[in-house]
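S.K.: Please see the structure below; I have some questions.
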Amino acid sequence: MTHATLAAPRRPRTAAPAPPGTRRRRRLFLTPYVFVAPFYVVFAAFGLYPLVFALQLSFTNWKGAGEARFVGLDNYTYLLTSEEFWSSLANSGVMWLLIVPVQIVGGLAVAVLLANARLRLRGMFRVAFIAPFVTPLVAMAQVWIVAFDKDYGLVNHLLHLVGLPDVDWLTSTAWAKPTLALLFLWKTTGFAIIVLLAGLQSVPGDVYEAAALDGASRLRQFWSLTLPLVRRSIAFLVVVQTLAVFQMFAEPFVVTKGGPYGSTTTGGLYLYNHITASDLGTGAANSFLLVLLVFALSLLSVRLLRSRDE
Amino acid sequence: MPSPSVPRRSLLRGALGAGALVAAGPLAGCAPGTTTSPPRKLSGTPSASAKGEITIWNRSGDLFKVFDKAIDAFRRAHPNVTVHHLAVDIDSKLANTLITGTDLPDGSFWDDAKIGSQAEHLYDLTDLIAPYRAQTSAYKLSVNTVDGRIYGVPWDLDPGLLWYREDLLQDAGVDPAGLKTYDDLLAAARSLKEKNPAARPIHMEKDPFLGQLWLEMLANQQGTSLADAQGKVRLDSAEYRRILTWIRSAVDDKLVTHAEYLKQADLAALENGQQALVPWAVWWSFAPQQLLKKTRGRWRATQLPAWTPGGARSGAMGGSSFIIPAKAKNPELAWMLYEFLCFKQPGYTAVYGPSSVYPDGLNTSVPSYTPARRPDKPLFEPVAALGGQNLWRTAVDAAAGIPAAAPIPAWWTKSVDYLGNNLQRLMEGSMRPDDVIDDSTRKIQRNLVDRA
């Protein structure tokens with residue numbers, strides 16, 4: 001019986017050394033724990049502890065110094081009745097709509113093209129699409145500030161050349177969000193392409209050969225084979241990008257500072273604003289509300305993308 | 311083909327975990343419950359032969375170089391004191407360092423607006439400043455005072471002035487000496503617009519933070535500020551209503567260039583004659599000296615108009631002081647340095663007087679200490695970029711009339727999200743003065759005062 005085999009031998013009454021077989025068994029028993037221990041130590045220190053700490057903090061009014069007073073659900077109540085909190089979520093929601101569907105559709109189109117073995121200069125195109133993903137975001141954000149400046153930006157200059165009027169890209173409430181969404185798309189679509197390309201390349205070629213023999217057109221093959229077979233990659237991307245969009249911080253922080261009039265203050269930036277205002281309790285409560293929301297959205301996305309047979 | 315196992319639950323668990331960790335991450339490393347000792351009083355002045363080492367933080371850039379020269383003068387006067395003068399990103403580092411209490415400097419330069427919120431981490435300097443109190447700007451003392459105690463050594467005073475294009479005013483038949491009230495300023499702007507229909511003569515600030523700082527200058531001119539000494543919001547007042555109504559009428563009459571402070575659009579409007587009247591702090595002198603190449607020499611400064619006939623002709627816009635952290639290792643020596651810089655003639659002369667960095671002297675502010683700003687003893691030279699105007703005289707006359715204010719509340723910077731933004735809406739013509747007052751007061755009260 002397995003149970004009997006793994007049972008610890010009786011400890012001898014004397015301090016005589018354990019027989020070599022026992023020591024070996026003990027070593028074998030402990031070895032896997034030794035191997036996984038570093039992960040758990042690091043996780044406990046930098047994952048679990050901050051999580052528990054933040055949860056505790058969310059029920060206090062701690063300002064970063066002095067005594068932390070327990071305030072119960074006050075921080076949560078404050079946020080849930082705050083115009084700014086809902087406005088930040090609405091901003092993130094609009095950003096999500098501007099980014100995720102466009103990125104999935106666009107990324108899939110590019111991935112299908114790049115997966116085609118007959119495409120010339122395929123390597124060059126792959127590098128070109130993935131380059132923004134490995135470029136530092138702050139550098140790209142600075143380029144955005146200059147390129148989309150209302151008075152002296154390159155984009156408005158190009159609009160002028162074709163007779164179109166200036167657009168207030170970064171300082172009008174109507175355009176600031178789309179302009180930031182474009183930056184996010186520019187930066188992260190390379191990642192989406194990598195994921196989708198990997199999904200496409202995992203589809204065996206004989207599936208397409210069989211479909212072709214059955215007379216399926218290219219479009220039919222895409223709808224009936226490609227799309228269902230990369231569905232899991234799409235679901236993964238939706239979840240990951242939903243997380244990224246609701247936590248979006250660096251783009252509005254560098255380019256618009258959350259303005260104009262808070263129109264680009266995302267969930268992540270709003271959270272940061274509490275922390276910099278030393279309102280750490282509210283910041284912590286905000287982070288947990290954000291986690292709940294992102295979790296709910298991720299769950300919804302996966303359920304919507306789940307096939308009937310799963 | 312066998313389908314791989316569906317890792318959906320794992321994926322969701324991972325997503326939840328990752329979200330929680332990323333969201334909670336910024337909070338790691340803090341520890342609630344750490345207590346701070348009550349503010350400590352610094353009252354003993356070290357003897358002239360005192361010795362030791364101090365670390366002093368300052369901003370980087372030209373100002374650092376100027377202070378470096380001045381600190382050299384201190385080193386010569388106190389050879390036993392070693393001063394480590396460091397250029398630091400004070401805005402991002404000092405507040406955190408004060409809270410954690412580690413790697414603290416013995417003294418630092420800091421914005422007046424930030425001192426009140428960190429008073430519990432600073433030395434109470436009331437007793438040491440007492441001998442100089444009567445001769446220090448009442449405004450500077452008031453913004454450095456929390457619960458009747460002073461926490462900053464008042465350094466620069468930044469009086470508001472009216473900057474104007476002398477040539478354009480002359481062409482329009484406007485006498486700058488006649489700009490005594492803000493109604494006169496509107497009338498002058500209309501005259502300029504009659505002469506040049508493309509003109510939008512009055513500058514209004516498009517950056518919400520600077521816009522609110524500017525509003526506070528206009529309020530200070532009338533002896534008020536956003537919060538009273540008890541931290542109560544006092545935006546709903548005749549003084550603020552007067553300012554906001556004036557702004558709205560200038561906007562309605564299309565007399566306003568709404569641009570960000572010295573950004574390209576602003577510079578272009580200043581150079582091409584679209585803007586000719588800039589009510590702003592003395593530090594705007596930087597523009598004609600460094601940025602306005604075409605109109606250099608055509609700008610002049612005078613005192614601000616008054617809000618009511620005979621009222622104050624200036625208010626303060628910004629400013630900084632020196633603080634000594636409560637956990638500084640050598641606070642007495644830090645005080646000795648700051649006393650030298652602020653209240654001793656060789657100290658303030660070394661900062662404001664001609665130097666290799668500023669050959670004509672530092673003319674972007676004036677000292678807070680009255681004996682240092684005697685009209686007949688200029689510390690900096692007339693400014694060539696202002697047609698040789700004696701800016702010292704104009705600035706110290708304006709500084710003398712700045713009314714006292716109240717401590718700047720800890721939430722002032724955050725209030726820009728409400729008042730600063732609403733002020734922008736007013737300047738764009740999409741909000742009325744009463745709406746600005748009501749909406750800003752309500753939001754500041756709910757989000758900042760009630761949660762302070």
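Protein chains in written order, with our numbering: chain A, 1 to 310; chain B, 311 to 762. Where is the CB? At the ideal position from N, CA and C, for every residue including glycine. What you are looking at is a predicted structure, and each value in this text was computed from that prediction instead of being measured.
Kindly say whether residue 152 of chain A, judged by its beta-carbon, lies nearer than 8 Å to any beta-carbon of chain B.
M.R.: By 1-based counting over the first sequence, the position of residue 152 of chain A is 152. Closer than 8 Å to some Cβ of chain B, the Cβ of residue 152 of chain A qualifies, so yes.
S.K.: Taking the Cβ atom as the reference point for each residue, do residue 586 of chain B and residue 683 of chain B lie within a distance shorter than 8 Å?
M.R.: Translated into the one-based positions of the second sequence, residue 586 of chain B becomes position 276. Translated into the one-based positions of the second sequence, residue 683 of chain B becomes position 373. Against a cut-off of 8 Å, the Cβ pair of residue 683 of chain B and residue 586 of chain B comes out as no contact.
S.K.: Return the CA-CA distance between residue 344 of chain A and residue 100 of chain A, expressed in angstroms with no decimal places.
M.R.: There is simply no residue 344 of chain A to check, as chain A begins at 1 and stops at 310 in what is shown.
S.K.: Report the CB separation of residue 452 of chain B from residue 719 of chain B in whole angstroms; it is logged as a contact under 8 Å.
M.R.: Here residue 452 of chain B corresponds to residue number 142 of the second sequence, with the count starting at 1. Here residue 719 of chain B corresponds to residue number 409 of the second sequence, with the count starting at 1. Going by Cβ atoms, the distance from residue 452 of chain B to residue 719 of chain B rounds to 13 Å, so no, they are not a contact pair.
S.K.: Could you check how far apart the C-beta atoms of residue 125 of chain A and residue 108 of chain A are, in whole angstroms? I think they sit under 8 Å.
M.R.: Locating residue 125 of chain A in the first sequence gives position 125, counting from the first residue. Locating residue 108 of chain A in the first sequence gives position 108, counting from the first residue. Wrong, their Cβ atoms sit about 15 Å apart, outside the cutoff.
S.K.: Find the residues of chain B that neighbour residue 279 of chain A, judging by a C-beta separation of less than 7 Å, and give them in chain order.
M.R.: Working through the first sequence from its first residue, we reach residue 279 of chain A at position 279. Here the neighbours are 761.
S.K.: By DSSP's criteria, residue 590 of chain B is part of a beta bridge. Which residues make up the other side?
M.R.: Residue 590 of chain B sits at position 280 when you count from the first residue of the second sequence. According to DSSP, which records beta bridges pairwise, residue 590 of chain B is partnered with B:471.
S.K.: Counting only Cβ-Cβ distances shorter than 8 Å, please list the residues of the region 556-575 of chain B near chain A, keeping chain order.
M.R.: Answer set for the region 556-575 of chain B: 574, 575.
S.K.: For residue 261 of chain A, return the contacting residues in chain B, with the cut-off set at a CB-CB distance below 7 Å.
M.R.: Here residue 261 of chain A corresponds to residue number 261 of the first sequence, with the count starting at 1. In chain order: 731.
S.K.: Quick check: what's the CA-CA separation for residue 640 of chain B versus residue 415 of chain B?
M.R.: Position 330 of the second sequence, counting from 1, holds the residue named residue 640 of chain B. Position 105 of the second sequence, counting from 1, holds the residue named residue 415 of chain B. Distance between the alpha carbons of residue 640 of chain B and residue 415 of chain B: 9 Å.
S.K.: At 8 Å on the CB atoms, spell out the chain A contacts of residue 518 of chain B, in chain order.
M.R.: Locating residue 518 of chain B in the second sequence gives position 208, where the first residue counts as 1. Result: 259.
S.K.: Distance, Cα to Cα, residue 366 of chain B vs residue 560 of chain B?
M.R.: Locating residue 366 of chain B in the second sequence gives position 56, counting from the first residue. Locating residue 560 of chain B in the second sequence gives position 250, counting from the first residue. C-alpha separation (whole angstroms): 45 Å.
S.K.: Just to confirm my understanding: we take residue 730 of chain B, look at its own chain, exclude 5 residues before and 5 after, and list those with CB closer than 7 Å. What are they?
M.R.: As a working mapping, residue 730 of chain B is identified with position 420 in the second sequence. Cβ within range, chain order: 518, 519, 521, 522.
S.K.: I'd like the list of long-range same chain contacts for residue 630 of chain B, defined as Cβ closer than 7 Å, with 5 residues on each side in sequence excluded.
M.R.: For the purposes of this step, residue 630 of chain B is taken as the residue at position 320 of the second sequence. Here the set comprises 419, 420, 421, 422, 465, 466.
S.K.: For the alpha helix (DSSP H) containing residue 224 of chain A, name the first residue and the last one.
M.R.: The sequence position of residue 224 of chain A within the first sequence is 224, counting from 1. Looking at the DSSP string, residue 224 of chain A is not in any alpha helix (DSSP H), and its letter there is neither H nor E.
S.K.: Starting from residue 76 of chain A, follow its DSSP beta bridges and name the residues at the other end.
M.R.: Translated into the one-based positions of the first sequence, residue 76 of chain A becomes position 76. Answer is none; residue 76 of chain A lacks a bridge partner.
S.K.: Among residues of its own chain, excluding the 5 on either side of residue 553 of chain B, which ones have a beta-carbon nearer than 7 Å to its beta-carbon?
M.R.: Counting from one through the second sequence, the residue named residue 553 of chain B turns up at place 243. Excluding sequence neighbours, residue 553 of chain B sits near 525, 528, 529.
S.K.: Have a look at B:450, B:620, B:509, B:651 and flag the residue whose alpha-carbon is nearest the alpha-carbon of residue 387 of chain B.
M.R.: Mapped onto the second sequence, residue 387 of chain B falls at position 77. Comparing Cα positions, the closest option is B:651.
S.K.: For residue 351 of chain B, name the three-state secondary structure that DSSP assigns.
M.R.: Along the second sequence, read from residue 1 onward, the residue named residue 351 of chain B stands at position 41. In the structure shown, residue 351 of chain B sits in a strand (DSSP, three-state: E or B).
S.K.: Closest by CA to residue 539 of chain B, which one among B:751, B:624, B:714?
M.R.: What you label residue 539 of chain B is simply residue 229 of the second sequence in a count that begins at 1. Checked all of B:751, B:624, B:714; the closest Cα to residue 539 of chain B is B:714.
S.K.: Name the chain A residues whose beta carbon is nearer than 7 Å to that of residue 724 of chain B?
M.R.: For the purposes of this step, residue 724 of chain B is taken as residue 414 along the second sequence, with counting starting at 1. Ordered by position in chain A, the residues that pass the 7 Å Cβ test against residue 724 of chain B are 277.
S.K.: Note the first and the last residue of the continuous alpha helix (DSSP H) segment covering residue 127 of chain A.
M.R.: In the first sequence, counting from the first residue as 1, residue 127 of chain A sits at position 127. Its alpha helix (DSSP H) spans residues 122-134.
S.K.: Tell me, please, whether the CB atom of residue 481 of chain B is closer than 8 Å to any CB atom in chain A?
M.R.: Reading the second sequence from its first residue, position 171 is the one you call residue 481 of chain B. So, not an interface residue.
S.K.: Counting only beta-carbon separations shorter than 8 Å, does residue 413 of chain B have a partner in chain A?
M.R.: On the second sequence, residue 413 of chain B is found 103 positions in, with the first residue counted as 1. With 8 Å as the cut-off, residue 413 of chain B does not count as an interface residue toward chain A.
S.K.: My understanding is that residue 184 of chain A touches residue 251 of chain A, with C-beta atoms under 8 Å, so please give their C-beta distance in whole angstroms.
M.R.: As a working note, residue 184 of chain A is residue 184 in the first sequence. As a working note, residue 251 of chain A is residue 251 in the first sequence. That pair is a contact at about 6 Å.
S.K.: Label residue 592 of chain B either buried or exposed according to how many other C-beta atoms from any shown protein chain fall within 10 Å of its C-beta, with 16 as the threshold for buried.
M.R.: Translated into positions along the second sequence, residue 592 of chain B becomes position 282. Flag for residue 592 of chain B reads buried.
S.K.: Got a sec: is the Cβ-Cβ distance from residue 331 of chain B to anything in chain A below 8 Å?
M.R.: Taking the second sequence and counting its residues from 1, one reaches residue 331 of chain B at position 21. For residue 331 of chain B, the predicted structure reports a pLDDT of 39, less than 50, and the residue's modelled location is therefore unreliable. A value from the coordinates is still provided. Judged by the 8 Å Cβ criterion, residue 331 of chain B is in contact with chain A.
S.K.: Tell me, please, whether the CB atom of residue 745 of chain B is closer than 8 Å to any CB atom in chain E?
M.R.: Among the protein chains in the structure shown, which are A and B, there is no chain E.
S.K.: Can you round the beta-carbon distance between residue 472 of chain B and residue 489 of chain B to whole angstroms, since I take them to be within the 8 Å contact cut?
M.R.: Reading the second sequence from its first residue, position 162 is the one you call residue 472 of chain B. Reading the second sequence from its first residue, position 179 is the one you call residue 489 of chain B. So it is a contact: roughly 6 Å between Cβ atoms.
S.K.: Between which two residues does the beta strand (DSSP E) carrying residue 630 of chain B extend?
M.R.: Within the second sequence, the letter at position 320 stands for residue 630 of chain B. It spans 630-633 - the beta strand (DSSP E) in which residue 630 of chain B sits, taken as one unbroken run.
S.K.: Mind checking if residue 401 of chain B is an interface residue toward chain A, Cβ cutoff 8 Å exclusive?
M.R.: For the purposes of this step, residue 401 of chain B is taken as residue 91 along the second sequence, with counting starting at 1. So, not an interface residue.
S.K.: Do residue 302 of chain A and residue 230 of chain A have their C-beta atoms closer together than 8 Å?
M.R.: Position 302 of the first sequence, counted from the first residue, corresponds to residue 302 of chain A. Position 230 of the first sequence, counted from the first residue, corresponds to residue 230 of chain A. Not in contact: residue 302 of chain A and residue 230 of chain A (Cβ atoms no closer than 8 Å).
S.K.: Any chance the region 135-153 of chain A sits against the region 174-189 of chain A, with 3 or more Cβ pairs inside 8 Å?
M.R.: In short, these stretches touch, since the Cβ pair count reaches three.
S.K.: Which residues share a DSSP beta bridge with residue 514 of chain B?
M.R.: If you number the second sequence from 1, residue 514 of chain B lands on position 204. Beta-bridge pairing links residue 514 of chain B to B:568.
S.K.: For residue 70 of chain A, write down the residues that DSSP places opposite it in a beta bridge.
M.R.: Taking the first residue of the first sequence as 1, we reach residue 70 of chain A at position 70. According to DSSP, residue 70 of chain A bridges with A:60.
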